[in-house]
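**Q**
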Amino acid sequence: MTWNFDEQIDRSAQNSIKWGYSKRLFGDEAVLPMWIADMDFANSPLILDALKKIMDQRIIGYAFPPDSLYQAIIDWQKKRHNLQLTPKDILFSPGVVPSIALLIQTFTNEQETVMIHDPVYTPFENMITLNNRKVIRSSLIIEDGLFKMDFIDIEQQFIEKNVKLFILSNPHNPGGRVWNKQELAQLADLCQKYHVVLCSDEIHGDLIYQPHEFISVATIKEQYKDFVITLTAATKTFNLAGIKNSMIFVQNEDLRNALVVAQAKTEQNGINTFGYAATEAAFTTSESWLEELMVYLKNNLDTICTFFDTELPEVFYMRPQGTYLLWFDCSSLNIPDKQLANHFAQVGKIGLNAGSDYGPSGTNYMRLNFAAPHETVVEGLKRINYAFEHPKD
1 MTWNFDEQID
11 RSAQNSIKWG
21 YSKRLFGDEA
31 VLPMWIADMD
41 FANSPLILDA
51 LKKIMDQRII
61 GYAFPPDSLY
71 QAIIDWQKKR
81 HNLQLTPKDI
91 LFSPGVVPSI
101 ALLIQTFTNE
111 QETVMIHDPV
121 YTPFENMITL
131 NNRKVIRSSL
141 IIEDGLFKMD
151 FIDIEQQFIE
161 KNVKLFILSN
171 PHNPGGRVWN
181 KQELAQLADL
191 CQKYHVVLCS
201 DEIHGDLIYQ
211 PHEFISVATI
221 KEQYKDFVIT
231 LTAATKTFNL
241 AGIKNSMIFV
251 QNEDLRNALV
261 VAQAKTEQNG
271 INTFGYAATE
281 AAFTTSESWL
291 EELMVYLKNN
301 LDTICTFFDT
311 ELPEVFYMRP
321 QGTYLLWFDC
331 SSLNIPDKQL
341 ANHFAQVGKI
351 GLNAGSDYGP
361 SGTNYMRLNF
371 AAPHETVVEG
381 LKRINYAFEH
391 PKD
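For the sequence shown, full-length UniProt numbering assigns the number 1 to the initial residue and increments by one for each residue that follows.
(1) Please state if the CB of Leu326 and the CB of Leu301 are separated by a distance shorter than 9 Å.
(2) What does a CB cutoff of less than 8 Å around Thr303 pick up in its chain, not counting 5 residues either side in sequence?
(3) Taking 8 Å as the limit between beta carbons, can you name the residues of its chain near Gly61, skipping five residues before and five after?
(4) Leaving out five residues on either side along the sequence, give the residues of the same chain with a beta carbon under 6 Å from the beta carbon of Lys148.
(5) In angstroms with no decimal places, state the Cα-to-Cα distance between Glu222 and Tyr121.
(6) Taking the alpha helix (DSSP H) that Val295 belongs to, which residues open and close that run?
(7) If I'm right that Leu130 touches Gly351 with Cβ under 8 Å, what's the distance once you round it to whole angstroms?
(8) Could you check how far apart the C-beta atoms of Leu69 and Thr279 are, in whole angstroms? I think they sit under 8 Å.
(9) Measure the alpha-carbon distance for Ile74 versus Thr285 and round it to whole angstroms.
(10) Nearest by alpha-carbon distance to Ile9: which of Asp40, Ile208, Thr113 and Gln105 is it?
(11) Measure the C-alpha to C-alpha separation of Leu146 and Phe316 and round it to an integer number of angstroms.
(12) Please list the terminal residues of the continuous beta strand (DSSP E) segment that includes Asp118.
(13) Give the C-beta separation of Thr113 and His204 to the nearest angstrom, bearing in mind that I take them to be a contact with Cβ-Cβ under 8 Å.
(14) Can you give the Cα-Cα distance for Asp56 and Tyr386, rounded to whole angstroms?
(15) Touch check for the region 194-209 and the region 354-367: three-plus C-beta pairs under 8 Å?
(16) Among the residues of its own chain, which have a CB less than 7 Å from the CB of Leu51, if the five just before and after it don't count?
(17) How should Val347 be labelled, buried or exposed, when 16 other C-beta atoms within 10 angstroms of its C-beta is the threshold for buried?
(18) In whole angstroms, give me the CA-to-CA distance for Ser361 and Ser139.
(19) I need the straight-line Cα distance from Lys265 to Leu255, nearest angstrom please.
(20) Use the C-beta contact count for Ala13: other C-beta atoms within 10 angstroms, 16 or more gives buried, fewer gives exposed.
(21) Smallest Cα separation from Thr219: which of Gln156, Phe249 and Ala234?
(22) Along the chain, which unbroken stretches of the alpha helix (DSSP H) at least 4 residues long are found entirely within the region 39-123?
(23) Which residues share a DSSP beta bridge with Thr129?
(24) Which word fits Thr306, buried or exposed, when buried means at least 16 other C-beta atoms lie within 10 angstroms of its C-beta?
(25) Classify Glu213 as buried or exposed, calling it buried when 16 or more other Cβ atoms lie within 10 Å of its own Cβ.
(26) If we count Cβ pairs, one from each stretch, closer than 8 Å, do we get three or more for the region 76-86 versus the region 100-108?
(27) Starting from Arg383 and walking both ways along the alpha helix (DSSP H), at which residues does that stretch end?
(28) Give the single residue among Asn170, Leu333 and Ala101 whose Cα lies nearest to the Cα of Thr363.
(29) Three or more C-beta pairs closer than 8 Å, one from the region 287-296 and one from the region 174-194: is that the case here?
(30) Which residue wins for smallest C-alpha separation from Leu190, given the options Ala30, Ser169, Trp76 and Ile159?
(31) Where does the unbroken beta strand (DSSP E) through Ser139 begin, and where does it stop?
(32) Applying the criterion that 16 or more other CB atoms from any shown protein chain within 10 Å of the CB defines a buried residue, is Asp118 buried or exposed?
If you want it as structure tokens, here you go:
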């Protein structure tokens with residue numbers, strides 16, 4: 001089956017955060033939104049069929065996760081990521097960010113320290129600070145055009161700051177880096193040595209460009225299962241953010257029991273009926289949709305890289321190994337960092353994520369979401385080019 005990823009779908013009337021907030025966020029309804037990590041592609045019709053079946057029953061009541069859902073998750077993780085799970089290893093959560101908050105609350109106390117990379121996905125820091133914990137950043141190093149971890153810095157801060165929890169973005173958001181087995185093992189070994197719980201956010205783990213290979217941390221060594229907790233979902237892979245369902249994979253019984261108790265205190269384990277159904281349908285019916293999606297995204301990415309190489313050769317960018325996000329340096333504009341996003345919105349008429357939102361190391365960078373019809377991506381590049389050509393407007 002072939003899907004039409006070129007289709008332009010009007011999302012203006014669906015209360016879309018991506019498309020409905022342009023005036024509120026950027027001050028102009030004419031801004032082309034290419035910011036929040038939400039695709040502009042129609043969902044797999046096979047997933048939509050599963051949701052229609054629920055509607056056809058004409059009663060939308062409470063639901064529990066069926067055995068077939070657990071099996072679908074187990075089969076998907078085994079086939080694609082070599083992660084061996086049992087039903088008891090799987091907990092459900094409304095989302096990866098709520099899961100991160102849950103882990104912070106469960107495995108750290110107030111004023112204790114939690115480490116993240118810099119730059120990294122904005123909610124990591126938000127959840128730490130909102131839960132009255134201390135953020136410890138380890139800045140990523142840029143080598144050969146890619147982010148690398150600074151293991152000397154990580155170990156030093158583990159010792160000096162008494163870090164309790166490390167939240168990892170794998171693949172990395174916003175840089176698109178797919179961490180290799182050696183890097184992940186080196187990080188996990190440090191966590192094991194210093195008794196740090198490792199939370200691995202792997203929600204982008206199915207969005208990988210060949211020849212790169214995604215490695216789930218918990219699969220590398222058997223003993224990692226004792227302190228690694230994996231967070232993931234079908235939502236990023238299959239463009240299903242609205243269903244509000246994610247999974248927590250925790251294979252250590254003591255850690256799992258602690259999370260079960262914490263979830264019970266807040267009813268965080270309650271998932272809506274559509275979340276269960278869409279997740280199962282995604283994993284059992286729509287792998288071919290994903291494969292075609294990755295071909296389409298790769299074409300978009302090639303177009304973007306050619307554009308930067310030819311039209312803006314002075315601009316440094318990271319070619320992502322995974323995700324549909326591009327991280328690029330805007331320091332050549334000589335515009336104060338706090339004004340960059342406004343410059344692209346007001347001059348270029350394009351909405352991008354400000355790099356500084358991802359940490360101090362993101363200063364002067366912007367993040368571009370290219371999960372959109374090719375025509376939209378080309379238009380977005382024209383607007384980026386215009387913003388670079390008019391730095392003083």
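Cβ coordinates follow ideal geometry from the N, Cα and C atoms, glycine included.
**A** In short:
(1) One-based indexing of the sequence shown puts residue 301 at position 301. One-based indexing of the sequence shown puts residue 326 at position 326. For Leu301 and Leu326, yes; Cβs fall inside 9 Å.
(2) As a working note, residue 303 is residue 303 in the sequence shown. Correct list, in chain order: His374, Val377, Val378 and Leu381.
(3) For the purposes of this step, residue 61 is taken as residue 61 along the sequence shown, with counting starting at 1. The residues are Thr273.
(4) Numbered from 1 along the sequence shown, position 148 holds the residue referred to as residue 148. Excluding sequence neighbours, Lys148 sits near Ile141.
(5) In the sequence shown, residue 222 corresponds to position 222, counting from 1. In the sequence shown, residue 121 corresponds to position 121, counting from 1. Approximately 28 Å between the Cα atoms of the pair.
(6) Position 295 of the sequence shown, counted from the first residue, corresponds to residue 295. Counting along the chain, the alpha helix (DSSP H) containing Val295 begins and ends at Glu287 to Glu311.
(7) Stepping through the sequence shown from its first residue, residue 130 is reached at position 130. Stepping through the sequence shown from its first residue, residue 351 is reached at position 351. The Cβ separation is near 25 Å, so there is no contact.
(8) Position 69 of the sequence shown, counted from the start, is the residue given in the question as residue 69. Position 279 of the sequence shown, counted from the start, is the residue given in the question as residue 279. About 6 Å separates the two Cβ atoms, so the contact holds.
(9) Indexing the sequence shown from 1 puts residue 74 at position 74. Indexing the sequence shown from 1 puts residue 285 at position 285. Between Ile74 and Thr285, the C-alpha separation is close to 15 Å.
(10) Numbered from its first residue, the sequence shown carries residue 9 at position 9. Ranking the options by Cα distance to Ile9, first place goes to Asp40.
(11) Taking the first residue of the sequence shown as 1, we reach residue 146 at position 146. Taking the first residue of the sequence shown as 1, we reach residue 316 at position 316. Approximately 11 Å between the Cα atoms of the pair.
(12) Counting from one through the sequence shown, the residue named residue 118 turns up at place 118. Asp118 -> beta strand (DSSP E) spans Thr113 to Asp118.
(13) Against the sequence shown, residue 113 aligns to sequence position 113. Against the sequence shown, residue 204 aligns to sequence position 204. Wrong, their Cβ atoms sit about 26 Å apart, outside the cutoff.
(14) Position 56 of the sequence shown holds residue 56. Position 386 of the sequence shown holds residue 386. Computed Cα separation, rounded: 49 Å.
(15) no
(16) Counted from its first residue, the sequence shown places residue 51 at position 51. So the qualifying residues of the chain are Phe274, Ala277 and Ala278.
(17) Residue numbering aside, residue 347 sits at position 347 when the sequence shown is read from its first letter. Under this definition Val347 is a buried residue.
(18) Mapped onto the sequence shown, residue 361 falls at position 361. Mapped onto the sequence shown, residue 139 falls at position 139. In a straight line, the C-alpha of Ser361 is about 7 Å away from that of Ser139.
(19) Here residue 265 refers to the residue found at position 265 of the sequence shown. Here residue 255 refers to the residue found at position 255 of the sequence shown. Spanning the two alpha carbons is a distance of roughly 16 Å.
(20) Locating residue 13 in the sequence shown gives position 13, where the first residue counts as 1. Exposed, because fewer than 16 other Cβ atoms sit within 10 Å of the Cβ of Ala13.
(21) By one-based count along the sequence shown, residue 219 stands at place 219. That would be Phe249, whose Cα lies nearest to the Cα of Thr219.
(22) 45-56, 67-81 and 96-107
(23) The sequence position of residue 129 within the sequence shown is 129, counting from 1. Partner(s): none; Thr129 has no beta bridge.
(24) For this step, residue 306 is matched to residue 306 along the sequence shown. Thr306 is exposed by the Cβ-count criterion.
(25) One-based indexing of the sequence shown puts residue 213 at position 213. Glu213 comes out exposed.
(26) no
(27) Here residue 383 corresponds to residue number 383 of the sequence shown, with the count starting at 1. Its alpha helix (DSSP H) spans residues His374 to Glu389.
(28) Numbered from 1 along the sequence shown, position 363 holds the residue referred to as residue 363. Taking only the C-alpha atoms, the option nearest Thr363 is Leu333.
(29) no
(30) Counting from one through the sequence shown, the residue named residue 190 turns up at place 190. Of the listed residues, the one whose Cα sits closest to Leu190 is Ile159.
(31) Counting from 1 along the sequence shown, the entry for residue 139 is found at position 139. Taken as a continuous stretch (DSSP letters only), the beta strand (DSSP E) holding Ser139 covers Lys134 to Ser139.
(32) Translated into positions along the sequence shown, residue 118 becomes position 118. With 16 or more Cβ atoms within 10 Å of its Cβ, Asp118 is classed as buried.
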